[in-house]
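Following: one structure in structure tokens, then a few remarks.
Numbering (the working numbering), first residue to last: 415 to 633.
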């Protein structure tokens, strides 16, 4: 399984360099987003790495080759899910390096450093995104899942905008305020642990579904 994860990294060396450059660009593009800039940048980089990974496998027919080897389909699926956490780590490191470079050369740009809230929020968004997307890819394949991918991307773009509009509604704002009051006495670490736990649970359930789907898929 470790070899499968390393394979994902090795075939994406150029993609990772591009992702770092892209992250550097996002430091400038997201400078007006205040505390959400690291989340947006890291999520975008993870999304790109996931897409590049599946695109490379589809282009080189890697799925057919892997399934001809004495490797269980369960291990193939689990390795893909574990790679997501590696991508998140790489995205965070890329963002931090980009911000440090911007500061070192004294570019007049407002930079935002990572916080525990940024990390857990990124984990939650990426987990929600991949938990929905990966089972579809394992069922249909990368090319056939492209339409779902576009719809999902649009949803993740428009849903926050819709929630922002709803927040202007007094009744909605009041209900959210009451919900948040219940967490008023929680520490940042307690909230972060809860969000991380929910994220891992989503990934676990999605992984189990993907394993079942992939085991029954015919090539």
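Backbone N, C-alpha and C fix where the C-beta goes; we use that ideal spot for every residue, glycine too.
On a predicted model such as this, the values are computed, not experimentally measured, just so you know.
Classify residue 483 as helix, strand or coil using the three-state DSSP reduction.
Taking the chain shown and counting its residues from 1, the one referred to as residue 483 is at position 69. The answer is coil: DSSP assigns residue 483 none of H, G, I, E or B.
8 Å Cβ shell around residue 543 - same chain, five flanking residues per side excluded:
Locating residue 543 in the chain shown gives position 129, counting from the first residue. The answer, listed in chain order, is 457, 461, 566 and 570.
May I ask which residues mark the beginning and end of the alpha helix (DSSP H) holding residue 628?
In the chain shown, counting from the first residue as 1, residue 628 sits at position 214. Where residue 628 is concerned, the enclosing alpha helix (DSSP H) stretches over 602 to 629.
In terms of residues, what are the limits of the alpha helix (DSSP H) holding residue 549?
Against the chain shown, residue 549 aligns to sequence position 135. Unbroken alpha helix (DSSP H) run through residue 549: 530 to 554.
Can you find the residues in the same chain that come closer than 7 Å, C-beta to C-beta, to residue 480, ignoring five residues on each side of it along the sequence?
Locating residue 480 in the chain shown gives position 66, where the first residue counts as 1. So the qualifying residues of the chain are 490.
Out of curiosity, what's the CA-to-CA distance linking residue 549 and residue 564?
Mapped onto the chain shown, residue 549 falls at position 135. Mapped onto the chain shown, residue 564 falls at position 150. Cα to Cα, the separation comes out at about 15 Å.
If you compare alpha carbons, which of 459, 472 and 464 is closest to residue 558?
By one-based count along the chain shown, residue 558 stands at place 144. The shortest Cα separation from residue 558 among 459, 472 and 464 belongs to 472.
Specify the secondary structure class of residue 519 as computed by DSSP and reduced to three states.
Taking the chain shown and counting its residues from 1, the one referred to as residue 519 is at position 105. In the structure shown, residue 519 sits in coil (DSSP, three-state: anything other than H, G, I, E or B).
Whose C-alpha, out of 562, 541, 434 and 554, is nearest the C-alpha of residue 619?
By 1-based counting over the chain shown, the position of residue 619 is 205. Considering only alpha carbons, the answer is 541.
Who are the Cβ neighbours of residue 629 in its own chain at under 6 Å, not counting the five residues just before and after it?
The residue you call residue 629 lines up with position 215 of the chain shown. 487, listed in sequence order.
Measure the Cβ-Cβ separation of residue 562 and residue 627 and say whether it is below 8 Å.
For the purposes of this step, residue 562 is taken as the residue at position 148 of the chain shown. For the purposes of this step, residue 627 is taken as the residue at position 213 of the chain shown. Not closer than 8 Å, so no.
Between residue 505 and residue 459, is the Cβ-Cβ spacing less than 8 Å?
As a position in the chain shown, residue 505 is number 91, starting the count at 1. As a position in the chain shown, residue 459 is number 45, starting the count at 1. Yes.
Starting from the Cα of residue 421, find the closest Cα among 450, 467 and 435 and give me that residue.
Within the chain shown, the letter at position 7 stands for residue 421. Comparing Cα positions, the closest option is 467.
Inspect the beta-carbon positions of residue 512 and residue 433 and report whether they are closer than 8 Å.
Stepping through the chain shown from its first residue, residue 512 is reached at position 98. Stepping through the chain shown from its first residue, residue 433 is reached at position 19. No, the Cβ-Cβ distance between residue 512 and residue 433 is not below 8 Å.
Report the three-state DSSP secondary structure of residue 460 (helix, strand or coil).
Here residue 460 refers to the residue found at position 46 when the chain shown is read from its first residue. Helix.
On the criterion of 16 or more Cβ atoms from any shown chain inside 10 Å, does residue 514 qualify as buried, or is it exposed?
Start at 1 with the first residue of the chain shown, and residue 514 comes out as number 100. Counting Cβ neighbours within 10 Å, residue 514 comes out exposed, since fewer than 16 surround it.
Taking its Cβ as the centre, do 16 or more other Cβ atoms sit within 10 Å of residue 668, making it buried, or is it exposed?
Nothing about residue 668 can be reported from this structure: the residues present for the chain run from 415 to 633 only.
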